[in-house]
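A short worksheet on the structure shown next.
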Amino acid sequence: GDSVTQMEGPVTLSEEAFLTINCTYTATGYPSLFWYVQYPGEGLQLLLKATKADDKGSNKGFEATYRKETTSFHLEKGSVQVSDSAVYFCALGPQGGSEKLVFGKGTKLTVNP
Amino acid sequence: NAGVTQTPKFQVLKTGQSMTLQCAQDMNHNSMYWYRQDPGMGLRLIYYSASEGTTDKGEVPNGYNVSRLNKREFSLRLESAAPSQTSVYFCAIQTMTGELFFGEGSRLTVL
């Protein structure tokens, strides 16, 4: 079945460091791909998305490129801030008649000043 | 524009008590979901509703029931709460392009 694998956390970085959170997926079709972010005490919110191969999603300095050849959607940011501390979830969009997204288990990021 | 509103935000129950978590949306989307989030387990789908009048089981439906009262509202009921149901519960709606919008969560503790 469809699945999403994210790098294990937690990840701890210093402010202004480069961030990569790896995400790979298994899917029978060509789903949309998403990154969601969850700040402490809040619900998840959409960070960025890509709907087809080679699309790049971007928002708030974060980027991720839909790589069909490597079945990956890695999240990157060039210079993290303390305010980026959160849990990040990679997700596979619904496909094949299914209504459901498939989520990775989440990666907790802590950015220290 | 509230988006997705969940009530209550916090609840403490004793084992065996019942309660209903309420979810309402003002975004006029058909698909609504209930997830639970536990440390180290990520998000797990409990039930979902593709449209008014329909509901389907997700990964972890045991111990829960749902009602899609109308297009706006989707409630989750625990008939006889157990400590294993201590969790944070999220309601979400899904757009036509597959994006989910989440409520702020309901934090439930079962003693």
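If you're matching them up, the sequences are chains A and B in order. Read in order, the letters of the first sequence are residues 1 to 113 in the working numbering. Read in order, the letters of the second sequence are residues 1001 to 1111 in the working numbering. Ideal Cβ positions, reconstructed from N, Cα and C, are used throughout, including at glycine.
Please classify residue i: does DSSP put it in a helix, a strand, or coil?
i: Asp84 of chain A; result: helix
i: Gln1011 of chain B; result: strand
i: Gln6 of chain A; result: strand
i: Gln95 of chain A; result: coil
i: His1051 of chain B; result: Per the sequence shown, residue 1051 of chain B should be read as Ser rather than His. Three-state result, Ser1051 of chain B: coil.
i: Gln1094 of chain B; result: strand
i: Ser79 of chain A; result: coil
i: Gln1085 of chain B; result: helix
i: Tyr39 of chain A; result: coil
i: Lys52 of chain A; result: coil
i: Gly1042 of chain B; result: strand
i: Ser1067 of chain B; result: strand
Give me the Cβ distance between residue i and residue j, rounded to the nearest whole Å; I'm assuming they're in contact under 8 Å.
i: Gln38 of chain A; j: Val87 of chain A; result: 5 Å
Cβ atoms of residue j and residue i: under 8 Å apart, would you say?
i: Arg966 of chain B; j: Met1096 of chain B; result: The structure shown does not extend to residue 966 of chain B, since chain B is modelled only from 1001 through 1111, so no value can be given for it.
i: Pro1083 of chain B; j: Thr1015 of chain B; result: yes
i: Ser1106 of chain B; j: Gln1011 of chain B; result: yes
i: Leu1021 of chain B; j: Ser1080 of chain B; result: no
i: Thr24 of chain A; j: Ser72 of chain A; result: yes
i: Leu1078 of chain B; j: Gly1063 of chain B; result: yes
Checklist entry - Can you find at least 3 beta carbon pairs, one from the segment 1085-1093 of chain B and one from the segment 1032-1052 of chain B, that sit closer than 8 Å? => result yes
Next on the checklist: Does the structure place the segment 93-112 of chain A close enough to the segment 3-18 of chain A that three or more beta carbon pairs sit under 8 Å?
Outcome noted: yes
Checklist entry - Looking at chain B, which residues of the segment 23-57 of chain A have a Cβ within less than 9 Å of any of its Cβ atoms? => result Pro31, Ser32, Phe34, Tyr36, Gln38, Gly41, Glu42, Gly43, Leu44, Gln45, Leu46, Lys49 and Thr51
Item to check | Residues in the segment 1067-1091 of chain B having any Cβ partner in chain A nearer than 8 Å | outcome: Phe1090
Next on the checklist: Under 8 Å, with one C-beta from each stretch per pair, do the segment 15-27 of chain A and the segment 46-60 of chain A reach the 3-pair mark?
Outcome noted: no
Checklist entry - Can you list, in chain order, the residues of the segment 82-113 of chain A whose Cβ is nearer than 9 Å to any Cβ on chain B? => result Phe89, Ala91, Gly93, Pro94, Gln95, Glu99, Lys100, Leu101, Phe103, Gly104, Lys105 and Gly106
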